[in-house]
Amino acid sequence: MTKDVRADLRAFYDQEMTERASRPVTAARSRHLDRFVEEVQRRGAVSVLEVGCGAGRDGTVIQSAGLAYTGVDLSASSIDICVRQGLRATRADAISLPFGDSTFDAAWSMSTLMHLPDNDFGLALRELARVVRPGGLVEIGVWGHIQSRDWASPDGRFFRQRSDRALRAELSEVCTVLDFATWDWQEDDAHYQWARTEVTTP
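Letter by letter, the sequence shown follows residues 287 to 488 in the working numbering.
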């Protein structure tokens, strides 16, 4: 991700994070988060990393379930809001996570990695696979499209939308895809993509 893209994302989310904190979470996201927490607990896992923690809405659910939560985000405002809620959170880039190998049992990242161009997306996936133990659960959600494309929203944010086939192929380079689902998101052939994966055992 270029320096300018990072700066644009930080500026946007720093400005609107307080409002975003009170925005309702979609039913589909809540449903998948509940199932993620249940699966983490079923496996006897304890520690969870969230990449793109935002205002801590998902983090609060994860921590309230008795799991050891850590969130990372580019936005300083996001981190401040999370910390005020009693969440462990630190400012960091998805392509360079400040944690040792196999630090976490599982990871969760929704509506974040779609801001990464192809090269950085692959780096972020490899970072997730590095900091989550082999066999650990990783769930990712992004905006997708019938055809892979780059675009910028009117507020200046960069988006890389991948086709279902392209996303599954990239995930499969570092993870085993256990489940994959999509649901309507916007018009013009856009949709939301969700994947449940396991970090591939070396």
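Every residue gets a Cβ at the ideal spot worked out from N, C-alpha and C, and that includes glycine.
Keep in mind it's a predicted model, so treat the numbers as computed, not measured.
Let me confirm a value: residue i is counted as buried when at least 16 other C-beta atoms fall within 10 Å, else exposed. Which label applies?
i    : result
D470 : exposed
I432 : exposed
T468 : exposed
E336 : buried
V417 : buried
L464 : exposed
T486 : exposed
V311 : exposed
S350 : exposed
D441 : exposed
G372 : exposed
D290 : exposed
D344 : buried
D234 : With the chain represented from 287 up to 488, any question about residue 234 goes unanswered, as that position is not in the structure.
A455 : exposed
Measure from the alpha carbon of residue i to the alpha carbon of each residue in the options, then state which is nearest.
i    : options                   : result
G352 : L360, T483 and A331       : A331
D474 : Q447, F322 and T487       : Q447
T483 : S449, S395 and M400       : S395
Q327 : A393, R443 and L360       : A393
G430 : R377, Q479 and L373       : Q479
S439 : R377, M400 and F390       : M400
D387 : G422, G372 and W437       : G422
S364 : T376, S434 and R454       : T376
A362 : R292, F444 and L453       : R292
R329 : D359, T346, S397 and R419 : R419
V347 : E302, R451 and V334       : V334
F390 : L453, R309 and Y355       : Y355
Would you mind reading off the limits of the alpha helix (DSSP H) that contains residue i?
i    : result
S458 : D450 to S458
G442 : Where G442 is concerned, there is no enclosing alpha helix (DSSP H), given that its DSSP letter is neither H nor E.
S434 : Segment: none, S434 is in no alpha helix (DSSP H) and carries neither H nor E.
C368 : A362 to R370
D406 : D404 to V417
D475 : That residue, D475, is in no alpha helix (DSSP H); it is neither H nor E in DSSP.
S316 : A313 to R328
Checking the sheet assignment: what are the DSSP bridge partners for residue i?
i    : result
A354 : S333
S382 : D379
C339 : Per DSSP, none; premise fails for C339.
D290 : D290 is not bridged to any residue.
V463 : T483
T346 : Answer is none; T346 lacks a bridge partner.
G430 : R448 and H477
What are the boundary residues of the beta strand (DSSP E) that residue i is part of?
i    : result
A393 : F390 to M396
> Using 8 Å as the threshold, is the stretch 458-469 in touch with the stretch 405-412, meaning 3 or more CB pairs across them?
Replying inline: yes
>> Can you confirm whether the stretch 325-342 touches the stretch 365-374 when touching is taken to mean that 3 or more C-beta pairs between the two stretches lie within less than 8 Å?
In response: yes
> How about the stretch 424-442 and the stretch 378-385: do they share at least three Cβ pairs that are nearer than 8 Å?
Replying inline: no
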